[in-house]
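For the sequence shown, position 277 (counting from the first letter as 1) is numbered 478 according to this note's numbering, and the numbering increases by one without interruption. For glycine and all other residues, C-beta sits at the position ideal for the given N, C-alpha and C. Quick caveat, the model's predicted, so the values are computed rather than measured. Below is one structure, written out as C-alpha cells; the observations come after it.
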Amino acid sequence: MQSIRKWVQAIWIFLINGYWAFPFTGNMYQGPLKVICSPGLNCYSCPAATTYCPLGSLQQLLGGIRYSLQSGQYYIGTFVVGWMGILGATFGRFICGWACPFGLFQELLHKIPSKKYSIPKAFNWGKYLFLLFFVIILPLVIVDQFGLGAPWFCKYICPAGTLEAGIPMVLLMPDLRSTLGMLYVNKIMILLGFTIWSVFASRPFCRTTCPLGAFYALFNRFSLIQLQLDEDACTNCKACHEVCPVEIRFNETPGSNECINCMKCASDACRFDAIHLAIAGHRLGTAKKKPTIVPT
Ligand code: SF4
Ligand code: SF4
202 MQSIRKWVQA IWIFLINGYW AFPFTGNMYQ GPLKVICSPG LNCYSCPAAT
252 TYCPLGSLQQ LLGGIRYSLQ SGQYYIGTFV VGWMGILGAT FGRFICGWAC
302 PFGLFQELLH KIPSKKYSIP KAFNWGKYLF LLFFVIILPL VIVDQFGLGA
352 PWFCKYICPA GTLEAGIPMV LLMPDLRSTL GMLYVNKIMI LLGFTIWSVF
402 ASRPFCRTTC PLGAFYALFN RFSLIQLQLD EDACTNCKAC HEVCPVEIRF
452 NETPGSNECI NCMKCASDAC RFDAIHLAIA GHRLGTAKKK PTIVPT
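Written as C-alpha cells, this is what we have:
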C-alpha cells in the first residue's frame, strides 16, 4: 500500500507540473489547463505548473473583494471556493497524504537517517491561525490605495512557493537577481528551516503551518471517502500508534483532523483488519474473519 501511495504522489507531481518546456522557453506555462485547481499545495508560479494553487487563488480572491465592491463589479469567485469545497468534501486530508508535492518532499527528507523528534500537539493549532490570519483576514483587511489586498501567505511564508517557483524563476531569469531583497532572503530562511525540521520531525509544515491542510482538516470527519475504525475488530493492541507519521492514535481518534489518511496504520500495523476505507459510510472490501487470540 505504501509503495502504491508513493507512486500516486509521484504521478500527481508530474501531472500538475508537466510543463517541461520551460527551460527552453524561459517562461512558465500559461496554457488552457491553468484553469484547473490543483488539489494540493503547488505554486501557480512554478514554471512547470499546469494548474493553479487553491491557496494562492483563495488569497487573490479575498484580496480582490474590497476592490470589486468599490468598483461595483461584485465579482465573487465561487469557482475557487467551490472547487476547494468539493475536493475537501470528497477526499478530506487524503489530498495531504496522497497528492501534495510538498508533503512528499518532507517525507523524503524524513528518510535521512537521524535522531527523530516529536512535535508538541499544541503546535497543530498553528495551521488554523495561518489560515485565519494570513489567508483570510490580512488579505481582506490590509489593502492598498486601489482596495487590493496582498496574498500574505504566498508572499511572506509559503516554503512550497519558494521551492517550486522562487528558486527556479531566479535561476531561469538572471534579470530577476538584481531585484532580490530581504523578502526573498526571509523566504529562503523559512524554506531552509522546514527542510531541516523535516529531517528530524515528520511533516512539520503540514502539521503546524499549512493553511490548505487546515482547510481540508475541517472536512476530514465528514468527507465522502474516509478511513474508519471497526471497533469490534480492534483489540486495542496500539500497533497503529507506532507507525503514524503525524503521531495519532487512530483507534482512539478515528477521523481526527490531524490524520493525513496515509493508511500506514491500516497497511503496516493493524493485524486485525480494524481500519478500513469507506465511501459514503460503506466499507470497501469485506471484513476478514477476526482471528482467535489463543491465551499463552
Ligand atoms: S492515523 Fe493512520 S492514516 Fe492517519 S496519518 Fe496516522 S498512519 Fe496515516
Ligand atoms: S492496530 Fe488495529 S487492532 Fe491495534 S489498536 Fe490499532 S486499530 Fe486497534
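Taking the alpha helix (DSSP H) that residue i falls in, what are its first and last residues?
i       : result
Leu-309 : 302-311
Leu-234 : Element bounds for Leu-234: n/a, residue is neither H nor E.
Tyr-417 : 412-418
Pro-369 : 368-373
Ala-440 : 440-444
Tyr-329 : 327-331
Arg-206 : 203-217
Arg-450 : Per DSSP, Arg-450 belongs to no alpha helix (DSSP H) and is neither H nor E.
For a test of the three-state rule: what should DSSP assign to residue i, helix, strand or coil?
i       : result
Val-344 : strand
Arg-484 : strand
Gly-350 : strand
Ile-476 : strand
Tyr-253 : strand
Thr-291 : helix
Ala-361 : helix
Ala-222 : coil
Asp-433 : coil
Lys-317 : coil
Asn-387 : helix
Pro-455 : coil
Gln-271 : helix
Cys-244 : coil
Met-285 : helix
Give me the Cβ distance between residue i and residue j, rounded to the nearest whole Å; I'm assuming they're in contact under 8 Å.
i       : j       : result
Ile-358 : Phe-335 : 6 Å
Gln-260 : Phe-354 : 6 Å
Gln-274 : Arg-404 : Going by Cβ atoms, the distance from Gln-274 to Arg-404 rounds to 40 Å, so no, they are not a contact pair.
Asn-228 : Glu-365 : Actually they do not touch by this definition, with Cβ atoms about 15 Å apart.
Asn-325 : Glu-459 : 6 Å
Pro-412 : Lys-356 : Wrong, their Cβ atoms sit about 13 Å apart, outside the cutoff.
Phe-223 : Leu-373 : 7 Å
Ile-461 : Val-400 : Not confirmed; about 19 Å, so no contact.
Note down, in chain order, each residue of its chain lying with its Cβ closer than 6 Å to the Cβ of residue i, except the 5 sequence neighbours on either side.
i       : result
Ser-284 : Correcting the residue type first, residue 284 is Trp in the shown sequence and not Ser. So the list reads Cys-238, once near-sequence residues are dropped.
Gly-241 : Ile-296, Ala-300 and Cys-301
Arg-450 : His-442
Ile-214 : Pro-302
Pro-369 : Pro-248
Can you list, in chain order, the residues of its chain with a C-beta nearer than 8 Å to that of residue i? Leave out the 5 residues immediately preceding and following it.
i       : result
Leu-349 : Gly-264, Gly-265, Arg-267 and Tyr-268
Ser-319 : Ala-402 and Glu-448
Gly-486 : His-477 and Leu-478
Using a Cβ-Cβ cutoff of less than 7 Å, which residues in the same chain neighbour residue i once the five nearest sequence positions on both sides are dropped?
i       : result
Trp-299 : Arg-206, Val-209 and Gln-210
Cys-422 : First, the amino acid is wrong: residue 422 is Arg here, not Cys. Closer than 7 Å at Cβ, skipping near neighbours: Gly-456.
Phe-416 : Met-285, Gly-289 and Leu-332
Ala-470 : Ala-440, Cys-441, Glu-443 and Val-444
Phe-420 : Gly-289, Ala-290 and Gly-293
Measuring only from the beta carbon, is residue i closer than 6 Å to any heavy atom that is part of ligand 3?
i       : result
Asn-462 : What this structure holds is ligand 1 and ligand 2, not ligand 3.
Under DSSP, the beta strand (DSSP E) around residue i begins and ends at which residues?
i       : result
Gln-429 : 426-430
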